[in-house]
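**Student:**
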Amino acid sequence: MESTEKNSNFITNAIDQDIKNKVYTDDRVHTRFPPEPNGYLHIGHAKASLLNFRIAKQYNGKFNLRFDDTNPTKEDTEYIDSIIEDLSWLGIDWEDRLFYASSYFEKMATYAIELINKGLAFVDDSTAEEMRTQRGSLTEAGTESPFRNRSIEENLQLFEKMKAGRLPEGSRVLRAKIDMKSPNMNLRDPAIYRILHTKHHSTEDDWFIYPMYDYAHPIEDALEGITHSLCTLEFEDHRPFYEWVLNNLDDFKSEPPRQIEFAKLNLTKTIVGKRYLKQLVDEKIVDGWDDPRLSTISGLRRRGYTPEAIQAFCEAIGVAKTNSTVDIAMLEHFIRDDLKLKAPRLMAVMDPLLVTITNYPEDEVEWLSVPLNQENPEMGDYQTPFSRQIYVERSDFMENPPKKYYRLYPGNEVRLRGGYFVTCTDVIKDSDGNITELLCTYDPATKSGSGFTERKVKGTIHWVSKSHAKAVEIHEYDYLLDDAESISKETFLSAINPNSLKVIKALAEPAVLSAKAFEKFQFIRNGYFSADPKYSQPEAPVFNQIVPLKSSWKPQN
RNA sequence: AGGGGUAUAGCCAAGUCGGUAAGGCACCAGAUUUUGAUUCUGGCAUUUCGUAGGUUCGAGUCCUGCUACCCCUGCCA
84 MESTEKNSNF ITNAIDQDIK NKVYTDDRVH TRFPPEPNGY LHIGHAKASL LNFRIAKQYN
144 GKFNLRFDDT NPTKEDTEYI DSIIEDLSWL GIDWEDRLFY ASSYFEKMAT YAIELINKGL
204 AFVDDSTAEE MRTQRGSLTE AGTESPFRNR SIEENLQLFE KMKAGRLPEG SRVLRAKIDM
264 KSPNMNLRDP AIYRILHTKH HSTEDDWFIY PMYDYAHPIE DALEGITHSL CTLEFEDHRP
324 FYEWVLNNLD DFKSEPPRQI EFAKLNLTKT IVGKRYLKQL VDEKIVDGWD DPRLSTISGL
384 RRRGYTPEAI QAFCEAIGVA KTNSTVDIAM LEHFIRDDLK LKAPRLMAVM DPLLVTITNY
444 PEDEVEWLSV PLNQENPEMG DYQTPFSRQI YVERSDFMEN PPKKYYRLYP GNEVRLRGGY
504 FVTCTDVIKD SDGNITELLC TYDPATKSGS GFTERKVKGT IHWVSKSHAK AVEIHEYDYL
564 LDDAESISKE TFLSAINPNS LKVIKALAEP AVLSAKAFEK FQFIRNGYFS ADPKYSQPEA
624 PVFNQIVPLK SSWKPQN
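If you use the numbering used here, the first sequence corresponds to residues 84 to 640, in order.
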């Protein structure tokens, strides 16, 4: 259910202050998540969107979804669809508040004219290179554009021509007139409108000019009545301009939104960040945006992660201003935790070794009744077939076991989960010395559920009846990257783990065959698995390993 | 003439007015266990909060100086 106590963080502290100071009418809180539809969402977006959504909820406020579609050269409706799908799946609810920055284009242009009329914006003919030179450097002041002091009248006329599409792309730009000597580069007369004769996915051919993010964003926020505009750390330097825009526009004098910045999410052993994910997709290093190895929302979903696990993870990592890298083990913890009671627990053998139970009748088949999830009795029992020949995991037998090896070895007795105790009597090898089969005997008195308590056994292993075993393809994943500190976002491509996908032909008990896409199981002692939506066929599921089970078993000497 | 940020355990992270370092992950013990899982119990910052000083009865919190790391010179967001 609901977590009883919310962790406080610097953002809720700031909101609490605003409430104390009565900054916003009725102590209202209104947040938003403003993705640009130019790619797929990843776990970092999950953090940001859930943060905004939760804060709104926590203060009985409102939350908007807004597509920041101000750059038609990069954006596409494909991304809009995927973003809506991913956010819905994550459990985020924007009710009827789905907005597009592009629907404010007319108003933004009107506000630009207001700035021109106030002498706060001018049309610049300088080329991009000239502007770069004018801007100065981090340690040197910039110089003013020769077009900076055009008359308001001329600026108005030129801006109108830009807007009407009568000026070529890139030929002019509308700039805010602030301070070329500012130590903050973002205040050195930033461009607020550029000419782009590109078809926009939504406004199509209506516009020839498009607003820049720094200009558009405060207006979008203010128009929607946003109170707390949460964004990532790299925008800290942009905040003064955000405030400049709102301060200089008459409509936004009262209760302007407040920008608060937080740190992006990084994860160990993988890469987060749209730009890098796109590289992996474009260079076909992975199987599309929803490759189960990626940190995209669609990838995590396909891998088998649940919204609940991602929500719990995002809550647990908190939010702060420290640049940090969260251990991927934390993400894995939350999917195990979520699936623990939800997933039926069945048996599948990844690397089969044949076992013949020599004292078990040739043609007999017993249907054993086994709980689907011992920790969740409500799930009930199911039937699984047992017979004279079974497969066990090759790693569950050792001819010369180390100390504290509880599994099968010559002379040792183990429990077959849901079945009987068996004792290994013989090892059969081929001419090369490879083990091809084990001979065991079973004790009929030890049947599961019979109440047998006379002796105990240290090890319980999983198995599958040979004649009932179904071949099932398993995709087992390793991390995309090492944990090495030497890996940076610039060099990560060369550090990609070439063996991150391992395809296994496993043998599973019959019950798994009916698995539908996204259906999840625990394969006992192996981990959590989810039926892949792309490769699974009716009665022939392909499973993605979501995460292995934890194990404290370490072979010693 | 540079500016803006951040430093609390292996990893996240809380720490209102200065009052004697939450929680989670990971890890380590032990108990339970028909999964070496789960569950449970205990351990895990007192030459301690990047560092050196200062103020104070008392400092992670206040002051001063250092250091390290991140961000900023798109007509991207």
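Yeah, the Cβ is synthetic: ideal placement off N, Cα and C, and Gly gets one too.
(1) Return yes when the Cβ of LEU590 is within less than 7 Å of the Cβ of VAL625, no when it is not.
(2) Report back the beta-carbon spacing between SER478 and LYS549 to the nearest angstrom; my notes put them in contact at under 8 Å.
(3) From the DSSP output, read off the bridge partner residues of ARG474.
(4) Could you give the distance in angstroms between the alpha-carbon of ALA552 and the alpha-carbon of ASP374?
(5) Any contact of the region 528-540 with the region 501-518, i.e. 3+ C-beta pairs under 8 Å?
(6) To the nearest whole angstrom, what separates the beta carbons of HIS280 and GLY248, a pair I think is in contact under 8 Å?
(7) From what residue to what residue does the alpha helix (DSSP H) around LEU133 run?
(8) The beta strand (DSSP E) that contains GLU622, what's its start and end?
(9) Hey, out of LEU422, TRP327, SER337, THR286, whose CA is closest to LYS105's CA?
(10) Using 8 Å for Cβ pairs, my map puts GLY387 next to LYS585. What's the rounded Cβ distance?
(11) I'd like the list of long-range same chain contacts for GLU482, defined as Cβ closer than 8 Å, with 5 residues on each side in sequence excluded.
(12) Apart from the five residues on each side of it in sequence, which residues of its chain come closer than 6 Å, Cβ to Cβ, to LYS530?
(13) Could you spell out the range, first to last residue, of the beta strand (DSSP E) harbouring PRO294?
(14) Looking at the secondary structure, which residues open and close the alpha helix (DSSP H) in which ILE167 lies?
(15) Tell me which residue opens and which closes the beta strand (DSSP E) that PRO468 is part of.
(16) Could you tell me which uninterrupted beta strand (DSSP E) segments, each at least 3 residues in length, are contained entirely in the region 347-376, listed from first to last along the chain?
(17) Three-state secondary structure (DSSP) at TRP177?
(18) Using DSSP with H/G/I as helix, E/B as strand and the rest coil, what is ASN147?
(19) Where DSSP assigns a beta bridge to SER452, which residues make up the other side?
(20) Can you name, in chain order, every residue of its own chain whose Cβ lies under 6 Å from the Cβ of PRO454, other than the five neighbours on each side?
(21) Does the distance from the C-beta atom of LYS425 to that of ALA346 stay below 7 Å?
(22) Pair every Cβ in the region 129-149 with every Cβ in the region 287-296, then say whether three or more of these pairs are closer than 8 Å.
(23) Between the alpha carbons of ASP262 and ARG341, how many angstroms are there, rounded?
(24) Report the three-state DSSP secondary structure of GLY382 (helix, strand or coil).
(25) In the DSSP output, which residue or residues are listed as bridge partners for CYS507?
(26) Which one of GLU573, GLU592, ARG608 has the shortest CA to CA distance from GLY542?
(27) With a CB to CB cut of under 8 Å and the five nearest residues on each side skipped, what residues in its chain are close to SER635?
(28) May I have the straight-line CA-CA distance separating PHE49 from ALA274, to the nearest angstrom?
(29) Please report how far the alpha carbon of PRO251 lies from the alpha carbon of ARG277, in whole angstroms.
(30) Determine whether the beta carbon atoms of ASP208 and ARG271 lie at a separation below 7 Å.
(31) If you check the beta carbons only, do ASP370 and HIS284 fall under 7 Å apart?
(32) Looking only at DSSP bridge pairs, what is ALA591 linked to?
(33) Distance, Cα to Cα, GLU88 vs PRO631?
(34) Which residues does DSSP list as the beta-bridge partners of ARG419?
(35) DSSP state of ARG258, grouped into three classes?
**Tutor:** With the structure as the only source:
(1) no
(2) Distance from SER478 to LYS549 at the Cβ level is roughly 18 Å; contact not present, criterion being Cβ atoms closer than 8 Å.
(3) For the sequence presented, residue 474 should be read as Tyr rather than Arg. Answer by DSSP bridge pairing, in chain order: LEU437, VAL547.
(4) 29 Å
(5) yes
(6) 7 Å
(7) Element bounds for LEU133: 126-141.
(8) That residue, GLU622, is in no beta strand (DSSP E); it is neither H nor E in DSSP.
(9) SER337
(10) That pair is no contact at about 16 Å.
(11) TYR492, PRO493, VAL510, ILE518
(12) TYR503
(13) 292-294
(14) In the DSSP annotation of this structure, the continuous segment of the alpha helix (DSSP H) that includes ILE167 starts and ends at 160-172.
(15) 464-469
(16) 348-350
(17) Look at TRP177 here: in three-state DSSP terms it is coil, with no helix or strand label.
(18) strand
(19) GLN466
(20) ASP464
(21) no
(22) no
(23) 23 Å
(24) helix
(25) CYS523
(26) ARG608
(27) Once the five neighbours on either side are set aside, SER635 has no close Cβ partner at all.
(28) Examination of residue 49 is not possible in this model, given that the chain is present from 84 through 640 alone.
(29) 10 Å
(30) Contact flag unset, no.
(31) No, Cβ-Cβ distance for ASP370 and HIS284 is not below 7 Å.
(32) ALA431, LYS553
(33) Per-residue confidence for GLU88 stands at a pLDDT of 49, beneath the threshold of 50, marking its modelled position as unreliable; the derived number appears in the next sentence. One C-alpha to the other measures close to 31 Å.
(34) Note: ARG419 sits in no beta bridge, so no partner.
(35) Secondary structure at ARG258: strand, using DSSP grouped into helix, strand and coil.
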